[in-house]
Structures are given as structure tokens and as C-alpha cells.
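Peer 1: FYI, the numbering used here numbers position 64 of the sequence shown as 64, with every residue one higher than the one before it.
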Amino acid sequence: MAIDSGGVVDCRHNPNALQPALANARPGATLRIKGVCFGNFVINTDLKLIGLDGAVLDGHDTGTTVTVNNARVELKSLTIIHGQADSGGGISNNNGSVTLDDSTVRNNNVSQGGGGIDNTNGTVTLIKSTVRNNTANGAFGFGGGINSFNGTVTLDHSKVSNNFANGLGGGIENSHTTLKLDGSTVSNNSSGEVGGIDTFNKSSVTLTDSTVRKNSSTTDSGGILVEHTNGSVTLHNSRVVDNSAGTDGGGIYNQSATTLKGSTVSGNIAGRFGGGIYNGILGGVRGSLTVRDSTVERNTAFQDGGGIYNLGTVTLRDSKVRDNHPNNCAPTPIPGCKQ
């Protein structure tokens with residue numbers, strides 16, 4: 001029998017009850033879930049799932065916990081755990097639209113991309129939700145928290161924290177993706193390269209009233225990397241603070257176009273160059289950095305360019321670059337920046 005809108009799936013008495021309910025649910029139905037449901041759940045139709053009393057979807061380390069194919073799905077008040085797959089440990093969204101509201105994706109693992117969430121040709125929206133303690137631990141694992149290819153990802157007052165990628169993007173990895181953060185935090189993520197947010201292949205990232213903090217990378221870019229393939233990052237009233245990189249770009253590593261408006265880059269550390277910001281050049285393409293009504297201060301580079309290490313073009317407008325170690329700007333002079 002098909003389940004009508006408002007149906008309750010009680011996994012307290014039958015941990016395997018959810019997948020049959022999903023298969024039989026009418027398009028547009030709402031399922032209310034109780035208890036801990038075990039399985040690798042596949043959703044091929046528009047549905048809304050609401051957790052009651054701390055409901056959990058547990059992948060039991062046997063595959064992706066929730067897979068969405070060509071459907072609009074809302075997950076509300078749910079915890080999604082223990083997915084184990086090549087990609088998309090907690091959630092794999094394929095050509096669909098997934099909204100997480102007051103939900104948590106945690107303790108999932110992949111060998112390739114998207115420890116917590118993998119988004120391919122789709123849309124993912126997080127509202128007051130958390131993606132934490134997920135891993136992409138293969139040799140080239142990427143997007144420990146979230147990986148997105150050719151999609152849209154929006155974080156609305158949400159958190160991506162304590163995720164790990166062996167390769168790129170401990171927190172978030174983007175390719176051909178539009179990423180927007182509003183009142184959100186990317187923190188305490190780590191990786192081989194790019195601890196917080198990696199942006200490349202024509203991706204666009206906008207942070208508004210958001211924070212990237214205490215992320216770390218063994219090599220380049222502790223906080224944010226803007227790669228040279230026409231990617232861009234814009235920060236509005238946001239903070240990049242206390243991130244660290246083993247080599248270059250403690251806070252931000254820019255090879256394309258980055259704009260700061262009313263924002264702060266502070267307390268970041270780089271093992272070589274660009275404690276606050278590394279504005280680089282790759283393949284003849286020079287990074288373009290615009291800093292407006294912003295502050296770059298108290299950052300440290302162990303070799304040069306404590307505030308900004310510049311090999312490209314930098315425009316400072318009504319901004320301060322100060323109290324960085326061992327200097328504020330190097331090696332290419334920046335108008336308005338005192339050494």
C-alpha cells in the first residue's frame with residue numbers, strides 16, 4: 001500500500017522499515033520517522049522526511065546512507081551517519097534538489113569525493129544544519145565535508161566543521177559550482193591541500209556575514225583557495241581567521257579573482273609566504289585581489305609577506321594592512337601598503 005502524506009515510519013520496532021516506505025510513498029508525501037533506521041536509502045521521487053525525537057538514518061558502513069536521484073527531497077530534524085562509499089558517504093545527490101533543515105550529517109567516510117555530501121548536477125541547501133566529522137581519506141580524497149560538481153550549494157546559518165580530506169578541500173570542494181554562505185561557518189577542517197574551501201573550474205563563492213576559521217592544510221591554503229581557472233570569491237562582512245598552511249597562503253590563496261568588502265583576514269599562519277593572503281601567478285595568469293573597507297592584520301609568514309604576498313594585482317581601498325610578521329606586503333609593492 002502506498003503511504004499517504006503524514007505517514008509515520010517507526011524504526012524503533014523495525015530498523016529496516018524505511019526503505020520499503022520510501023519505495024511505496026506517493027510523490028510529494030511526507031514521512032515522519034522515529035528511531036534509528038538502518039540501510040542505504042534510495043529516493044527517486046519528491047519527498048519530505050521529518051525526524052521525530054532524534055531520528056537517525058544509519059548507513060551501517062555498507063554504502064551511501066541517502067541517495068537522491070532526480071528528485072526534490074527535504075530532510076528535516078534528522079541525523080545522517082555511518083555512510084561508507086567511494087563518493088557521497090552521507091548523502092549522494094544526483095541531478096536532484098536536497099534541502100537539509102535542522103539536520104546533521106556526520107561520521108561518514110569515502111575514498112574519493114564528498115565524505116559528508118556529494119552533489120553532482122544538483123542543488124543542496126543547508127538551513128541551520130551541520131556537516132561534521134566526515135572524511136575523504138583515499139590517496140586523492142577531496143571534499144571531506146561537501147563536494148560539489150556542476151551544481152549549487154547554499155549554507156544558511158549552517159556549519160561545516162571537523163572534516164578531513166587527504167587530498168583537496170577538507171571542508172568544501174567546488175568545481176563548476178555556485179557556493180553561497182550566509183551567516184555560516186567553515187571551521188576546524190583539515191586536508192593535504194586547502195583546509196577550508198577549495199574553488200576551481202569556473203566556480204563562484206560568496207560569503208556574507210560568515211567565518212572561515214581554524215582550518216589547516218599540510219601544504220597550500222589553510223582557509224580558502226581560489227584556483228586559476230576563472231574561479232572567484234567575494235567576502236561581504238566576513239572573517240578569515242586563525243587558519244594555517246604548511247607552505248603558502250595561510251588565510252587565502254588566490255590565483256584568480258578575490259574581493260573583500262568589509263571583511264577581516266587575521267591571525268593566519270603560512271610556513272613560507274603569504275600569512276594572510278597569497279596572491280599568486282600560475283601559467284601566466286596573475287591573481288587579482290581587491291580589498292575594500294577591510295583589514296588584513298596580525299598574520300604571520302615564516303619567510304615573506306606576512307600580510308599579503310603579491311605576485312599579481314592588488315587594489316587597496318579604505319583598508320588596513322598592519323601588524324603582520326615579518327612584514328605587511330612583499331615582494332611586489334602594493335600601493336597603500338606599508339612594509
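All C-beta atoms in this analysis are idealised placements derived from N, C-alpha and C, irrespective of residue type, glycine included.
Which value, in whole angstroms, describes the spacing of the CA atoms of His325 and Leu282?
Peer 2: The residue given as residue 325 occupies position 325 in the sequence shown. The residue given as residue 282 occupies position 282 in the sequence shown. Those two C-alpha atoms are separated by around 25 Å.
Peer 1: Mind the definition here: the region 220-231 touches the region 243-262 only if three or more C-beta pairs lie below 8 Å; say whether that holds.
Peer 2: With the cut-off at 8 Å, the region 220-231 and the region 243-262 touch.
Peer 1: Measuring CB to CB, does Asn279 end up less than 8 Å from Leu289?
Peer 2: As a first step, residue 279 is located in the sequence shown; it is residue number 279 there, counting from the start. As a first step, residue 289 is located in the sequence shown; it is residue number 289 there, counting from the start. It is a contact, given that the beta carbons lie within the stated cut-off.
Peer 1: Fully enclosed by the region 213-250, which alpha helix (DSSP H) runs are 4 residues long or longer?
Peer 2: The region 213-250 contains no whole alpha helix (DSSP H) run of 4 or more residues.
Peer 1: Which runs of the beta strand (DSSP E), 3 residues or longer, sit entirely within the region 41-84?
Peer 2: Counting only runs of 3 or more, we get 41-43, 47-58, 66-69, 72-76, 79-81.
Peer 1: Going straight from the alpha carbon of Val56 to that of Gly35, what length do you get?
Peer 2: If you number the sequence shown from 1, residue 56 lands on position 56. If you number the sequence shown from 1, residue 35 lands on position 35. C-alpha separation (whole angstroms): 6 Å.
Peer 1: Buried or exposed for His13, going by 16 or more other Cβ atoms inside 10 Å?
Peer 2: Here the question's residue 13 lines up with position 13 in the sequence shown. With fewer than 16 other Cβ atoms within 10 Å, it is exposed.
Peer 1: If Ala165 sits next to Ala136, beta carbons under 8 Å apart, how far is it from one beta carbon to the other, in whole angstroms?
Peer 2: The residue you call residue 165 lines up with position 165 of the sequence shown. The residue you call residue 136 lines up with position 136 of the sequence shown. That belief holds up - the Cβ atoms of Ala165 and Ala136 are roughly 4 Å apart, short of 8 Å.
Peer 1: Pick helix, strand or coil for Asn121, following the three-state DSSP scheme.
Peer 2: For this step, residue 121 is matched to residue 121 along the sequence shown. Note: Asn121 maps to coil in three-state DSSP.
Peer 1: Using the C-alpha atoms, what's the distance from Leu22 back to Thr30?
Peer 2: For this step, residue 30 is matched to residue 30 along the sequence shown. For this step, residue 22 is matched to residue 22 along the sequence shown. Their backbone Cα atoms lie some 10 Å apart in a straight line.
Peer 1: Tell me the DSSP secondary structure of Asn24 in three-state form.
Peer 2: Taking the first residue of the sequence shown as 1, we reach residue 24 at position 24. DSSP places Asn24 in helix when its eight states are reduced to three.
Peer 1: Since Asn163 and Gly116 are thought to touch, with beta carbons under 8 Å apart, how far apart are those beta carbons, to the nearest angstrom?
Peer 2: For the purposes of this step, residue 163 is identified with residue 163 of the sequence shown, where counting begins at 1. For the purposes of this step, residue 116 is identified with residue 116 of the sequence shown, where counting begins at 1. Confirmed, about 6 Å.
Peer 1: Of the choices Ser184, Arg286, Gly169, Arg239, whose alpha-carbon is the least far from that of Ala245?
Peer 2: Position 245 of the sequence shown, counted from the start, is the residue given in the question as residue 245. Checked all of Ser184, Arg286, Gly169, Arg239; the closest Cα to Ala245 is Gly169.
Peer 1: Between Arg132 and the rest of its own chain, which residues show a CB-CB distance below 6 Å, the 5 nearest in sequence each way excluded?
Peer 2: Here residue 132 refers to the residue found at position 132 of the sequence shown. Same-chain partners within the cutoff: Arg106, Ser161, Asn162.
Peer 1: Can you give the Cα-Cα distance for Gly39 and Lys202, rounded to whole angstroms?
Peer 2: Counting from 1 along the sequence shown, the entry for residue 39 is found at position 39. Counting from 1 along the sequence shown, the entry for residue 202 is found at position 202. Going by the C-alpha atoms only, they are around 36 Å apart.
Peer 1: Taking Ile81 and Asp58 to be in contact with their CB atoms under 8 Å, please state how far apart those CB atoms are, rounded to whole angstroms.
Peer 2: Position 81 of the sequence shown, counting from 1, holds the residue named residue 81. Position 58 of the sequence shown, counting from 1, holds the residue named residue 58. Going by Cβ atoms, the distance from Ile81 to Asp58 rounds to 5 Å, so yes, they are a contact pair.
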